[in-house]
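Numbering (my numbering), first residue to last: 3 to 250. Glycine residues also receive a C-beta, built at the ideal position from the N, C-alpha and C atoms. Quantities reported herein were computed from a predicted structural model and do not represent experimental measurements.
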Ligand code: NAP
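Here you go:
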């Protein structure tokens, strides 16, 4: 029996990077996958095909995670198609980095909406089927920047720190219904978001990492698998850093 056999997982922002790696890892482990994207239509269709090849059911939905009404519609569509939602990974996120004096109100709002409001939007929907089933696992993608802060990333850090406070509160609200809610805080992971860490100059970043290298999306996906399945049945309200030791 696979770790996520017959479970339904909804993963936001899975057309690329960490979300895509989580979708593949969960499918390998037997889960049916509903995933979202914002604009990468072709990549989403290709992922759908790749996931279906594991013999599970997979479907990609174009849905803006920052839009409350769209999240409400998404959850309804997924429940109609898949029957329920057992696991939710709030992974979609963006960064618009700028020093505070140059950070515009629009940039601030965009990041908070895509990264933090999105987590509220979908969590509020998925706890309904989870309460009915008296089981569920919600995994929210924060960042070590939400723990440590980082110059030039105040909006990103605020959104990611907000996710931690939100998760700890929700874990307390719904723990009695056997719904767990945890955070993953990645360090530097090799995706489009960290494209600036390629080539010359990257070494100075890696010197800050005890394990001496950038992380792979699959390494975050392994942690997500642990939090999604029953191996973590007594784990809730926790922040698991996947950062090569950067937050020691
Ligand atoms: P990425 O490669 O840039 O991929 C972002 C994904 O999110 C894409 O699938 C994108 O869809 C989707 N997305 C963005 N805004 C969205 C919205 N409003 N609604 C729905 N989908 C949306 O990013 P990543 O590096 O994999 O990051 C994934 C998560 O991990 C983010 O929350 C990020 O903050 C967090 N994280 C990343 C790192 C890192 O080093 N990479 C470190 C710490 C935390 P489209 O393809 O359609 O644009």
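Go through its chain and collect everything with a Cβ distance to residue i's Cβ below 8 Å, but skip five positions before and after it.
{"i": "residue 133", "result": "176, 179 and 181"}
{"i": "residue 217", "result": "188, 189, 190, 191, 192, 244, 245 and 246"}
{"i": "residue 102", "result": "156"}
Which residues in the same chain have their Cβ closer than 7 Å to the Cβ of residue i, if we skip the five residues on either side of it in sequence?
{"i": "residue 66", "result": "40 and 72"}
{"i": "residue 25", "result": "13, 16, 35, 37, 49 and 53"}
The alpha helix (DSSP H) with residue i in it runs from where to where?
{"i": "residue 228", "result": "219 to 230"}
{"i": "residue 213", "result": "Counting along the chain, residue 213 falls outside any alpha helix (DSSP H), and DSSP gives it neither H nor E."}
{"i": "residue 48", "result": "43 to 54"}
{"i": "residue 21", "result": "19 to 30"}
{"i": "residue 205", "result": "204 to 208"}
Residue i bridges to which residues according to DSSP?
{"i": "residue 60", "result": "35"}
{"i": "residue 13", "result": "37 and 91"}
What are the start and end residues of the beta strand (DSSP E) that includes residue i?
{"i": "residue 5", "result": "It is not in any beta strand (DSSP E) - residue 5 carries neither H nor E in the DSSP assignment."}
{"i": "residue 242", "result": "241 to 244"}
Got a sec? Which residues, its chain only, sit under 6 Å from residue i by beta carbon, not counting five neighbours each side?
{"i": "residue 234", "result": "228"}
{"i": "residue 142", "result": "92, 121, 165, 169 and 185"}
{"i": "residue 23", "result": "219, 220 and 223"}
{"i": "residue 151", "result": "159"}
{"i": "residue 5", "result": "31 and 231"}
Between residue i and chain D, is any beta-carbon pair separated by less than 8 Å?
{"i": "residue 180", "result": "Absent here is chain D; the protein component of the structure consists of one chain."}
message: If contact is defined by three or more beta carbon pairs under 8 Å, each pair taking one atom from either stretch, is the segment 120 to 138 in contact with the segment 79 to 88?
response: yes
query: Where in the segment 61 to 131 do unbroken runs of the alpha helix (DSSP H), each at least 4 residues long, occur, reported from the N-terminal end onward?
result: 70 to 84 and 107 to 114
- prompt: Where are the alpha helix (DSSP H) runs, 4 residues long or more, that stay fully inside the segment 121 to 191, in chain order?
  reply: 147 to 150 and 156 to 176
message: Closer than 8 Å is the cut-off here; do at least three beta carbon pairs connect the segment 152 to 159 with the segment 206 to 222?
response: no
Any 3 or more C-beta pairs closer than 8 Å across the segment 188 to 198 and the segment 105 to 118: no
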